[in-house]
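Protein chains: 2
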Amino acid sequence: MVTVHDVARVAGVSISTVSRALATPERVAAPTRERVTTVARELGYRPNRAASVLRAGRSGALGLVVPDLANPYFASVAKGAQARAREHGLGLFVVDTDEDADLEVDAVAGLAPQTDGLLLCSPRAVDRTVGALGARPAVLVNQEADGLPSIVVDHRGGMLGALEHLRALGHRRVAYVGGPASSWSDARRRAALHEAAARFDDVEVVPLGAYRPQVEGGRSAADLVYASGATAAVTFNDLVAVGLVERLAARGLDVPRDLSVVGCDDSYVAALVSPPLTTLRTDLRNVGRTGVDRLVALVGARGDGSDVPPLAVELVVRDSTAPPPARPAARPTV
Amino acid sequence: MVTVHDVARVAGVSISTVSRALATPERVAAPTRERVTTVARELGYRPNRAASVLRAGRSGALGLVVPDLANPYFASVAKGAQARAREHGLGLFVVDTDEDADLEVDAVAGLAPQTDGLLLCSPRAVDRTVGALGARPAVLVNQEADGLPSIVVDHRGGMLGALEHLRALGHRRVAYVGGPASSWSDARRRAALHEAAARFDDVEVVPLGAYRPQVEGGRSAADLVYASGATAAVTFNDLVAVGLVERLAARGLDVPRDLSVVGCDDSYVAALVSPPLTTLRTDLRNVGRTGVDRLVALVGARGDGSDVPPLAVELVVRDSTAPPPARPAARPTV
DNA sequence: TCGAAGTATGCGAACGTTTGCATCGTAGCC
DNA sequence: GGCTACGATGCAAACGTTCGCATACTTCGA
C-alpha cells in the first residue's frame with residue numbers, strides 16, 4: 010500500500026508537503042506541487058480515507074435514508090443523489106428502512122457518526138430521527154421540520170394545475186385518494202388540493218382517507234371513490250393510481266371513460282401502464298441532486314441558511330383523464 | 010464524543026479491556042465484560058469507525074456497484090443487499106455507474122480501498138473492473154469470470170420451463186429478444202433457450218439481436234419479431250417485454266391473441282402492465298442477500314471456495330401467453 | 001547591509017482504536 | 001509449599017493522515 014511516506018521519499022519532500030500539495034495546493038510552491046502530484050500519480054497513491062477521517066474529522070461520505078429502495082420514487086431520488094455525491098467526490102451510504110420507524114432511527118444513529126451529513130427522505134418518525142442525528146447536519150426531503158433545511162416540491166402549483174385541467178374537462182367533483190396518515194407529503198398534497206378548489210366556486214373535493222402508498226392502496230380505495238360520486242380522482246402517487254385503475258377495470262369500469270385519474274410523481278410506471286397516466290411530474294433525480302447540493306453547502310459551512318424554493322411540479326397529460334360521462338352513471342350512494 | 014477512554018475510566022479498567030470486552034467478549038472475564046458493556050451503553054459509546062478501520066484494516070462496509078439504480082431489477086437487488094449488510098452490522102456504499110464502463114472502473118477503484126469487499130452487479134467491463142479491485146475480495150452478480158465467486162440464476166431451468174409452457178400451448182416457433190451484446194446474462198439466456206429447444210424436435214428458436222434492456226428495446230424489436238413468423242417471444246427482461254407489447258398494440262396487434270410474450274425477472278412492473286406478463290421469476294432480493302452472504306464469508310476468510318448453486322427461477326404464468334392463433338395470420342416475410 | 005515581513009517547508013503530536021507483549025495473580029499439581 | 005501454567009488485564013506502539021508551530025530561506029525597504 011502506497012502512503013504519503015512513499016510519495017514523500019520519492020519526491021524528496023516531507024510528508025507534510027505531500028499532504029498539503031494534495032489537499033491545499035495553493036499552500037505549496039508550484040514546482041513542488043507538480044512534482045508531488047506527478048509522483049503520487051505514478052505510484053498510484055490513494056489517500057487512506059480512514060486515516061484522514063480520523064485526523065481531520067471529515068468522512069468524505071454522505072448518508073441517504075429512504076423508506077423503500079424498491080419504490081421507483083426513492084430509487085430515482087437515490088440515483089440522483091448518488092450521481093451528485095460522486096461529482097462532489099463524496100461516497101454515499103444508502104440505507105433502506107423498510108418503512109420501519111425504529112429501523113430508521115437506528116439507521117440514523119449508526120450513520121450519523123460515520124458520515125459528514127445525512128439526507129433523510131420522507132422520514133417516518135421525524136422527531137426521533139432528528140434526535141438521533143446528534144450534531145450531524147442533515148437535509149430533509151419531502152418533509153419540513155424544526156430548523157432543518159428541506160427539499161420539497163411545489164404541491165400547491167401542481168395540484169392547482171391538476172384541478173384546472175380536470176375542471177376544464179368538465180369535472181366538478183374530484184376525489185383525493187390519500188397516502189399514509191403519518192406522511193407529511195400527503196398532508197401537503199391534501200391541503201394543496203383543497204386550497205386549489207377554494208379558488209373556484211364550482212369544484213368540490215372529496216377527501217378519502219389513508220391508504221397504503223402502493224398498488225394495493227389504490228385497489229382498496231377504488232370502490233369508495235366510485236361510490237362517492239366523484240368523476241375524477243387525484244391519487245397520492247402513481248402506484249395508488251395504478252391500483253385504482255386495476256380495481257375499476259375488474260368491475261368493468263373504464264378509465265378515463267367512467268372516471269378520470271391523475272397520479273402523482275410521474276415515476277416511470279406512469280407511462281408503462283394502460284392507460285398511461287396523467288400525472289404530476291416531479292424531476293425525482295433533481296430532488297436527489299438538490300438535496301446533496303444543499304447538504305454539501307451545509308457541511309462545508311458554506312451554509313447559506315437560505316432554503317431552496319420548492320421544486321417545480323408539472324402536469325403531464327396522458328390518457329387517464331377525459332371529460333366526465335355525459336350523463337353520470339347511476340350509482341349507489343354510500 | 011464518548012471514547013474508549015471514557016468508558017475505561019468510568020468502568021475502572023484499561024482501554025484494552027474495553028476494546029476486548031466489546032470486540033472479543035470471550036477474552037474477558039464475565040463480570041468485567043458485563044460492567045464494561047453496561048457502562049458503554051449508559052454512556053452511549055459508539056466506536057469510532059475510522060479509528061478501528063485505520064488500526065485493524067477492516068472498514069465495516071461493503072460496496073455495491075450497479076449499472077442503474079432506477080432499474081427495478083437492480084433496485085430490488087440493492088434492497089436485499091442493503092438489508093443483509095445491515096444484519097451483518099456492515100454499511101453499504103452504493104454506486105450507480107449509469108451503464109458506463111469507465112465510470113464503473115473508476116467506481117471500483119475508488120471503492121475498493123475503503124471497503125472490505127465489493128458486490129459487482131452485471132459489470133459492463135468485467136476485465137478492467139476486476140483489475141481495479143486490487144486485492145479486495147469481490148462477488149460477481151449475473152456474471153462469471155476468472156476465479157471470482159459469483160451469484161447467478163438458473164437460466165437453464167428457467168428457459169426450459171418457459172419453453173415447455175409455450176410448447177404445451179402449441180407454439181412451435183419462438184423468438185428470443187435479446188439484451189445488450191456485452192451482457193453475459195444475455196448470452197446465457199440465449200444459450201439456455203437454444204439448449205432447451207434442442208430437447209424437442211418440433212420447436213424452433215429465432216434469435217434476435219442486441220436490444221437495449223429498456224422499454225424502447227422492446228419497441229425496436231416488435232416489428233421484427235412479428236415478421237419473423239414466431240408465435241411467441243421470450244424477452245431479455247420484463248421491460249423489453251413491455252415495449253414489445255406496446256408497439257404491437259400500436260399496430261393493432263394483441264398480446265396474447267396474436268403473439269405470446271414471456272418476460273424475464275418478474276420485476277414488479279411485470280404484474281402492473283396489461284396484460285400482466287407471464288415471466289421467469291427470480292427472487293431479486295435474495296440475489297442481493299446471497300451476494301452479501303457470499304462476500305461476508307469471503308471477507309471473514311471463512312471463505313469456503315464453494316460456489317453457490319444457481320438461484321432458482323420459476324415460471325409465473327399471467328396473461329401474456331395463450332395458444333397461438335388457429336390459422337397464423339398472413340405475414341410479410343423479411 | 002541589516003532587519004522585518006513573508007513564504008515555503010519540515011517536525012512532531014494527535015486522532016481513537018486494536019493488538020502483541022508483559023505482568024500479575026491464582027489455581028493446579030506433585 | 002513451591003513451581004508451572006494459564007487466564008485476565010494493563011501498557012504502549014502502531015495504523016496514515018492532518019495541522020499547529022517552528023524554522024529556514026527569500027525578498028524588500030531603509
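Residue numbers (the working numbering), protein chains in the order written: chain R, 10 to 343; chain D, 10 to 343.
Every residue, glycine too, gets a C-beta built ideally from N, C-alpha and C.
Query	Result
Cross-strand partners of residue 160(D) (DSSP beta bridge)	150(D)
Beta-carbon separation (whole angstroms), residue 27(D) vs residue 16(D), contact threshold 8 Å	5 Å
Neighbour flag for residue 343(R) against chain D, beta carbons, 8 Å	Reliability fails at residue 343(R), whose pLDDT of 49 lies under 50, so the model's placement of it is uncertain and no value is given.
Exposed unless 16 or more other CB atoms sit within 10 angstroms - verdict on residue 282(R)	buried
Proximal residues to residue 187(D) (C-beta, below 8 Å), its chain only, five neighbours per side dropped	195, 198, 199, 216, 217, 218, 219, 220, 245
Buried/exposed call for residue 417(R), threshold 16 Cβ in 10 Å	This structure gives no information on residue 417(R), because the portion of chain R shown stretches from 10 to 343.
Minimum C-alpha distance to residue 127(R) - residue among 165(R), 97(R), 71(R)	71(R)
Beta-carbon proximity of residue 296(D) to residue 278(D), cut-off 8 Å	no
Cutoff 8 Å: residue 17(D) Cβ touching any chain R Cβ	no
Proximity test, Cβ basis, 8 Å: residue 101(D) and chain R	yes
DSSP bridge partner residues for residue 182(R) (one or two, in chain order)	213(R)
Candidates 298(D), 44(D), 31(D): closest to residue 19(D) by CA position	44(D)
For residue 268(R), three-class secondary structure by DSSP	coil
When 240(D), 273(D), 231(D) are compared against residue 214(D), the one with the closest alpha-carbon	240(D)
7 Å Cβ shell around residue 81(R) - same chain, five flanking residues per side excluded	276, 277, 278
Partners in chain R for residue 68(D), counting only beta-carbon separations shorter than 8 Å	59
Residue 316(R) (DSSP reduced to helix, strand or coil)	coil
8 Å Cβ cutoff, residue 281(R) in contact with chain D	yes
Members of the region 39 to 59 of chain D that neighbour chain R once the beta carbon cut-off is set at 8 Å	55, 57, 58, 59
Check whether residue 142(D) and residue 103(D) have beta carbons under 8 Å apart	no
Residue from 36(R), 208(R), 159(R) whose Cα sits closest to the Cα of residue 301(R)	159(R)
Alpha-carbon spacing of residue 54(R) relative to residue 125(D), whole angstroms	19 Å
Residues that residue 92(R) contacts on chain D, provided the C-beta gap is smaller than 8 Å	105, 107
Residues that residue 323(R) bridges to, as DSSP identifies them	290(R)
Neighbour flag for residue 78(R) against chain D, beta carbons, 8 Å	yes
Backbone CA spacing between residue 316(R) and residue 152(R) [nearest angstrom]	13 Å
In DSSP terms, what residue 126(R) is bridged to	71(R)
Neighbour flag for residue 122(D) against chain R, beta carbons, 8 Å	yes
Same chain, Cβ closer than 8 Å to residue 178(D), neighbours up to 5 away in sequence not counted	241, 269, 330, 331, 332, 333
Alpha helix (DSSP H) segment containing residue 119(D), residue limits	110 to 120
8 Å Cβ cutoff, residue 63(R) in contact with chain D	yes
Boundaries (first-last residue) of the alpha helix (DSSP H) holding residue 101(D)	Per DSSP, residue 101(D) belongs to no alpha helix (DSSP H); it is in the beta strand (DSSP E), 100 to 105.
From 150(D), 289(D), 129(D), residue whose alpha carbon lies closest to that of residue 175(D)	289(D)
Selection from 112(R), 23(R), 335(R), 299(R) that minimises the alpha carbon distance to residue 344(R)	Chain R is shown only over 10 to 343; residue 344(R) falls outside these bounds and no answer can be derived.
Amino acids of chain D, ordered along the chain, whose beta-carbon sits closer than 7 Å to that of residue 85(R)	79
Residues, ordered as in the chain, of the region 223 to 244 of chain D that lie near chain R by beta-carbon distance below 9 Å	224
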